[in-house]
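Be aware that the sequence shown starts at 46, since it is given in our numbering, and climbs by one per residue.
See below for the structure under consideration.
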Amino acid sequence: MARFRCPPDNPLGTHALWLSWQYYRIHGTHDTRKIGRKSSNGCIGLYNEHIKQLYDLTKIGTQVLLI
């Protein structure tokens, strides 16, 4: 996993966690209407305040298991 802080106008919200496959990410969003809906091609979108908490808890190389 790789970690990135995003610029304010980035569609990935404030923070993003890149998983091992380049197109899968866990990231924030400025468009909160997308949360909890099928609105991407594999990403997991979180509220910006939630992705910041997750970002702060993880280190580069953290193993991610999605169930």
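Backbone N, C-alpha and C fix where the C-beta goes; we use that ideal spot for every residue, glycine too.
Over what stretch of residues does the alpha helix (DSSP H) that includes Tyr68 continue unbroken? Judged by DSSP secondary structure, Tyr68 falls outside any alpha helix (DSSP H); it is assigned neither H nor E.
With a Cβ-Cβ cutoff of 8 Å, do Ile89 and Ile71 count as a contact? Yes, the pair counts as a contact, with Cβ atoms nearer than the cut-off.
DSSP puts Tyr92 in a beta bridge; with which residues? Tyr92 is bridged to Thr74.
Take the Cβ of Tyr100 as the centre, count every other Cβ of all protein chains shown within 10 Å, and call the residue buried at 16 or more, exposed below. When all chains shown are included, Tyr100 counts as buried.
Quick one: give me the first and last residue of the beta strand (DSSP E) that Arg82 is part of. Arg82 -> no beta strand (DSSP E), and no H or E assigned at all.
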